[in-house]
Amino acid sequence: MLTKRENAIETIRGGRPDRLVNQYEYLALMVGGYPGKSPVLKRGETAKNEWGVTYSWPEDSPAKMPICDSGHVVVKDIENWRSYVKAPSLDWKREDWQPYIDAAGKVDRDDRFVTAYIAPGVFEQCHNLLEIANCLMALLEEPEIMHEIVDYLTDWEMRLAECYVTYIKPDAVFHHDDWGTQISTFMSVETFREFFLPAYKRIYGLYKDNGVELVVHHSDSYAETLVPSMLEMGIDVWQGAITTNDIPGILREYGDRMAIQGGLDSGLYDVEDWSKEKIAEGLDELVRSTDGAKWLIPCLSAGGPGSCFPPVYGAVSEAIADYNRRHFGIDA
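Numbering of the sequence shown is given in the working numbering, commencing with residue 6 and proceeding in unit increments.
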């Protein structure tokens with residue numbers, strides 16, 4: 006039987022996997038981040054992070070959200086954005102990275118990918134600092150300033166990437182940046198390519214140049230019009246693809262260059278009235294629609310191994326394991 010890592014590579018590269026990859030099993034996510042990073046926010050908490058962005062995670066919300074009203078938004082005057090946006094220091098020594106080095110050292114790299122975890126991404130960081138409507142309007146009305154902001158954030162991410170490849174030596178990168186709603190991208194393809202394609206070519210290019218094998222990008226949204234840009238960036242796996250995207254069509258056209266991890270929309274399955282039967286039916290239909298799941302990793306669309314209703318993630322994993330027993334004769 007193939008290891009989790011081997012089976013994932015066979016799936017992603019269109020080889021001969023011996024079973025379905027089970028959600029995030031192949032990625033050892035280094036969620037702790039980096040020295041000096043703000044603690045991970047918990048449900049019911051509100052806190053300000055190292056960039057000065059205030060986040061709240063209401064009890065009834067699936068995730069944290071930035072608070073961007075007039076009293077909390079970081080950039081209050083875009084023309085003077087440099088007065089407000091101050092990148093956190095990355096001037097840390099090896100001993101500061103030691104806990105993260107130790108965590109990576111405990112991972113069996115033959116079985117799973119040690120994975121740098123980056124969130125938020127460049128676009129999300131822009132709208133967290135500016136407020137999303139202000140950000141989208143500025144892309145149209147203040148393009149020169151927005152190029153400055155994107156370059157500033159990208160330069161900082163490049164320095165962070167250099168730290169990761171120096172100290173953690175990741176095998177993969179898992180990078181958040183939501184680029185759309187359920188039915189549309191946040192901006193035109195042309196605007197996306199102008200502002201964000203160059204940024205990600207730099208970031209992902211640095212990782213690839215330093216031995217990172219897989220770039221997994223999370224965007225649980227409609228984004229199929231951005232797939233050619235994803236390929237140009239060097240994305241190997243689009244995690245979070247929901248079914249408002251033509252997942253079978255994308256895999257037929259682009260699967261030999263980029264796999265999809267998703268297809269089980271969290272908005273459909275990670276709900277109060279969830280059921281094992283509904284999950285199993287959805288999995289079977291997803292696999293049928295994608296011709297036996299070539300280049301597909303079935304997974305909830307959420308950007309991490311968990312769910313709003315705690316039993317759901319485990320129920321999805323159980324459904325995939327059951328599928329593997331029934332169709333491949335493998336108990337894993």
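Glycine included, every Cβ here is placed at the ideal spot set by N, Cα and C.
Between which two residues does the alpha helix (DSSP H) carrying residue 35 extend? Run containing residue 35: none in the alpha helix (DSSP H); it sits in the beta strand (DSSP E), 32 to 35.
Short check: CB of residue 55 to CB of residue 93, under 8 Å? yes
From the DSSP output, which residues share a beta bridge with residue 219? 177
Grouping DSSP H, G and I as helix and E and B as strand, with all else coil, what is residue 244? strand
Please state whether the Cβ-Cβ distance between residue 288 and residue 328 is less than 8 Å. yes
Please check the pair residue 270 and residue 248, which I expect to be a contact at CB under 8 Å, by giving their CB distance rounded to whole angstroms. 6 Å
contact_flag[the segment 74 to 89, the segment 183 to 203] where n(CB pairs < 8 Å) is 3 or more: no
Could you pull the DSSP bridge partners for residue 70 from this structure? 61
Only counting the same chain, and skipping five residues up and downstream in sequence, which positions put a Cβ closer than 6 Å to that of residue 59? 53, 72 and 77
Roughly how many angstroms lie between the CA atoms of residue 133 and residue 333, to the nearest whole one? 45 Å
What would DSSP say about residue 188, mapped onto helix, strand or coil? coil
Quick check for students: name the residue ranges of the alpha helix (DSSP H) that lie wholly in the segment 107 to 132, counting only runs of 4 or more. none
Return the Cβ separation of residue 31 and residue 99 in integer angstroms, given the expectation that the two are a contact with Cβ distance under 8 Å. No, residue 31 and residue 99 are not in contact; Cβ-Cβ is about 28 Å, not under 8 Å.
Between 237, 14, 261 and 131, which has its C-alpha nearest residue 157's C-alpha? 131
Expressed to the nearest angstrom, what Euclidean distance is found between the alpha-carbon atoms of residue 96 and residue 262? 37 Å
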